[in-house]
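Accompanying notes for the structure given below.
Residue numbers (the working numbering): 1 to 185.
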């Protein structure tokens, strides 16, 4: 009986060692760096060009007929997706990301309907409502993911943060920044 128990424990241990890690703890050492990025994200969210882009996108609303299922059918080189990256706002987000290529791996800007306004690379979904990164930031908080996880679109181990975009005191959108976990350690 002892042999079966030892064999079972050994099997669980060996199998566990071969499984990829899907999430990781945010350590106390990481928090000061994450806090600095939160300040940076809040500053970017208050940039006049960001506010203008979100207001314009909110006036138009989401792309007619575009939902998350249809979005997932698109490829990164699709003209619709490419337009979000190459727009002046997408280029500004890319400039910010490229200024810190080891620390930031993606930036996504969303409007008041949680639809995408601009981004640096194609996010996994088009409508973010119902996700804490959108919902909590849209409620006025600077949001932080509780653990690191592989980003669903880049597969880079990431800690996401999000800041509300405000026009005066009114929240009009959300700026999401994906931080590369390896750079935070």
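Just so it is clear, CB atoms sit at the ideal spot from N, CA and C, and this is done for glycine as well. Because the structure is a prediction, the values reported are computed rather than measured.
So, helix, strand or coil for residue i, using DSSP?
{"i": "residue 25", "result": "strand"}
{"i": "residue 48", "result": "helix"}
{"i": "residue 154", "result": "coil"}
{"i": "residue 34", "result": "helix"}
{"i": "residue 218", "result": "Within the shown structure, residues of the chain are numbered from 1 to 185, placing residue 218 beyond reach of any answer."}
{"i": "residue 148", "result": "strand"}
{"i": "residue 186", "result": "This structure does not reach residue 186, given that the chain is present from 1 up to 185, and the question cannot be answered."}
{"i": "residue 16", "result": "Low confidence applies to residue 16: its pLDDT is 40, below 50, so where it sits in the model is not reliable enough to give any reading."}
{"i": "residue 117", "result": "strand"}
How close, in whole Å, do the beta carbons of residue i and residue j come, if the pair is a contact with beta carbons under 8 Å?
{"i": "residue 143", "j": "residue 152", "result": "Rounded, the Cβ-Cβ distance is 17 Å, inconsistent with contact."}
{"i": "residue 123", "j": "residue 140", "result": "In fact, because the Cβ distance is near 22 Å, the residues do not count as touching under 8 Å."}
{"i": "residue 53", "j": "residue 27", "result": "Actually they do not touch by this definition, with Cβ atoms about 35 Å apart."}
{"i": "residue 33", "j": "residue 176", "result": "Going by Cβ atoms, the distance from residue 33 to residue 176 rounds to 17 Å, so no, they are not a contact pair."}
{"i": "residue 81", "j": "residue 74", "result": "5 Å"}
Using DSSP bridges, identify the partner residues of residue i.
{"i": "residue 130", "result": "Looking at the DSSP assignment, residue 130 forms no beta bridge with any residue, so it has no partner."}
{"i": "residue 170", "result": "167"}
{"i": "residue 162", "result": "143 and 176"}
{"i": "residue 182", "result": "None; residue 182 has no bridge partner."}
Starting from the C-beta of residue i, find all residues in its chain whose C-beta is less than 6 Å away, skip the five residues before and the five after it, and write them out in chain order.
{"i": "residue 136", "result": "143"}
{"i": "residue 66", "result": "126"}
{"i": "residue 38", "result": "142 and 161"}
Sorted by chain position, which residues of the same chain lie with C-beta nearer than 7 Å to residue i's C-beta, five sequence neighbours on each side aside?
{"i": "residue 181", "result": "24, 148, 157, 158 and 159"}
{"i": "residue 128", "result": "110, 114 and 134"}
{"i": "residue 44", "result": "50, 96 and 175"}
Return yes when the C-beta of residue i is under 7 Å from any heavy atom of the ligand NAP, and no when it is not.
{"i": "residue 107", "result": "In terms of ligand content, the structure shown is empty, and the ligand NAP therefore cannot be addressed."}
Going along the chain, which residues of its own chain have a beta-carbon closer than 8 Å to the beta-carbon of residue i, five neighbours each way excluded?
{"i": "residue 58", "result": "111, 112, 113, 172 and 173"}
{"i": "residue 97", "result": "104, 105, 106, 107 and 120"}
Q | Length at least 4, wholly inside the region 60-113: the alpha helix (DSSP H) runs in chain order | A | 68-73, 79-86 and 88-98
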